[in-house]
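Undergrad: The sequence shown begins at 25 in my numbering and counts up by one.
Think of the CB as a built atom: it goes at the ideal place given N, C-alpha and C, for glycine as much as any other residue.
In this text, all values refer to a predicted model and were calculated from it rather than measured experimentally.
This is the structure, below, for whatever I ask next.
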Amino acid sequence: MLRDVLYFLQHLLQVDCVEQGVNATITEHEVTASDHQAPEPDWVSWSNEQLLTLPMSQLGVTLEGAFLSAQIQQLYAELAARQLLFRPHVWLSNEWFTPDGVPGIAVPFYLAHPRLAKLELDQMLEVEGGTPDWCMRILRHEAGHALENAYRLRRLRRRQQVFGRSSEPYPKYYRPRPYSRSFVRHLDVWYAQSHPDEDFAETFAVWLTPDSTWADRYKGWPVLKKLQYVEGLMQGLAAVPPKVVTREEIDPLPDLQKTLREHYARKRAHYGIERPSFYDPDLKRLFSDAPAHAAHLSAATFLNRFRKEVRRKVAAWTGEYQYTIDQVLEDMIQRCRQLHLRLPLAEEQAKLDFTILLTVHTMTYLRSGRHQVAL
């Protein structure tokens, strides 16, 4: 055991950081083939390597699939239920975004077809917005940005007092404060904390969500004043036509000439994701993919069983937030699943050895600055 500890500590000084990659399994609730009534494009049967050579402009997908069209119509229904006349226009692009000054929303191309969603999963280890609930959360958030553009709300003095000035520069990274009560909790990684505009969009999204109990959930929190401000502001905009009505589309999919390979190379570089494979040597020392252990418990299942326990222990030893530790733990669990690793030794011994391993990699994570979140 001491030899293993020394090995891990030595390894700590040598390993480089990689960014977070979280797997999201495609399920029947996500983008499915039944969404598409039109003839399938030729690239549906292509391998990933073939598909990556295709320019994005030649994908030929649209918003007409049942998945995206249903989510967009739900967003419009939610806005109508609040007596808001505003309806953001939506188009396909390379990612989620709302351009400055444009009252519309760009959604990522991979949500338009299940084959593209699977490619996204393979390349990025998750499909952002790939389930109805997740997609609606993001759409409500982006609708907050688009609505601010449509009514020029960022110019309002009170809006600036409540949320801050939009002119503040966006950080490349931000360090979330998980226990802050000055921000709503809507999207992952405490996104509202990254910039005043994101704070507004997140607050709007919580307010817009049907059957939201935000008044009770955030009772006594400083953020409640933000929600109350948004509610009053939206009541004042009820039945008011938008001031900005342009249908401009920025970077629409047919205009994007780079190949999917170029797109993903750039995207992984931005988020620092080149696969969390630097865990592999340590995980393979602890677990095994040998045929002799094929009937044993999978390492991913084993780690999920005591995930909370090991997270608490490592938090106590390192003094770090459990959410930070969970980022490392999630990466390692996903690598165990992808490598088909199984338990080759007694569970108690494996639990002890893995706790040491996770402690070391959490320290690596902190020293590298990896717990900052990329925008």
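Under the three-state reduction of DSSP, which class applies to A63: helix, strand or coil?
TA: Note that residue 63 corresponds to Pro in the displayed sequence, not to Ala. DSSP places P63 in coil when its eight states are reduced to three.
Undergrad: Excluding five sequence neighbours on each side, which residues of the same chain lie with their C-beta closer than 6 angstroms to the C-beta of H60?
TA: Here the model assigns H60 a pLDDT of 48, short of 50, so the residue's position is not dependable, and the following value carries that caveat. Contacts found: G89.
Undergrad: Out of curiosity, what's the CA-to-CA distance linking V268 and L143?
TA: Roughly 36 angstroms separates the two Cα atoms.
Undergrad: Do you know whose CA, among E255, L369, A174, R361, lies nearest R111's CA?
TA: Comparing Cα-Cα distances from R111 to each of E255, L369, A174, R361, the minimum goes to A174.
Undergrad: Measuring straight from C-alpha to C-alpha, what distance separates A216 and N72?
TA: Computed Cα separation, rounded: 35 angstroms.
Undergrad: Please classify T379: does DSSP put it in a helix, a strand, or coil?
TA: DSSP places T379 in helix when its eight states are reduced to three.
Undergrad: Got a sec, what are the start and stop residues for the alpha helix (DSSP H) V131 sits in?
TA: Taken as a continuous stretch (DSSP letters only), V131 belongs to no alpha helix (DSSP H), being part of the beta strand (DSSP E) at 128-132.
Undergrad: Alpha carbon to alpha carbon, how far is H287 from L257? Give it in angstroms, no decimals.
TA: So the two alpha carbons sit approximately 39 angstroms from each other.
Undergrad: My parser needs the alpha helix (DSSP H) runs of 4 or more residues fully inside the stretch 217-286; what are they?
TA: Here the runs fully enclosed are 220-232, 238-241, 248-261.
Undergrad: DSSP three-state call for H385: helix, strand or coil?
TA: In this structure, H385 counts as helix in the three-state DSSP scheme.
Undergrad: With DSSP as the reference, identify every bridge partner of R183, one or two as the case may be.
TA: Answer is none; R183 lacks a bridge partner.
Undergrad: State yes or no: is the C-beta of H113 within less than 9 angstroms of the C-beta of E333?
TA: No, the Cβ-Cβ distance between H113 and E333 is not below 9 angstroms.
Undergrad: State the Cα-Cα distance for the pair N118 and P276, rounded to the nearest angstrom.
TA: Their backbone Cα atoms lie some 8 angstroms apart in a straight line.
Undergrad: List the whole-angstrom C-beta distance separating L76 from L284, where the pair is believed to meet the contact cut-off of C-beta under 8 angstroms.
TA: With 8 angstroms as the limit, L76 and L284 qualify as a contact, their Cβ atoms being about 5 angstroms apart.
Undergrad: Comparing C-alpha positions only, which one of H210, P266, A239 sits nearest to E255?
TA: Residue A239 is the option with its Cα nearest to E255.
Undergrad: Which residue from F121, R161, Q74 puts its Cα closest to that of A170?
TA: It is F121 whose Cα lies nearest to the Cα of A170.
Undergrad: Is the stretch 229-236 touching the stretch 147-165, taking contact as three or more C-beta pairs under 8 angstroms?
TA: Contact holds: three or more Cβ-Cβ distances are below 8 angstroms.
Undergrad: Is it buried or exposed for E172, if we count other Cβ within 10 angstroms and need 16 for buried?
TA: E172 should be labelled buried.
Undergrad: Whose CA, out of S190, D157, V131, lies closest to the CA of P220?
TA: The residue with the shortest Cα to Cα distance from P220 is S190.
Undergrad: Can you tell me which of A323, L149, A314, E222 puts its alpha carbon nearest to the alpha carbon of L307?
TA: Answer by Cα proximity: A323.
Undergrad: Assign E222 to buried or exposed, taking buried as 16 or more other Cβ atoms, counted over all protein chains shown, within 10 Å of its Cβ.
TA: Classification for E222: buried.
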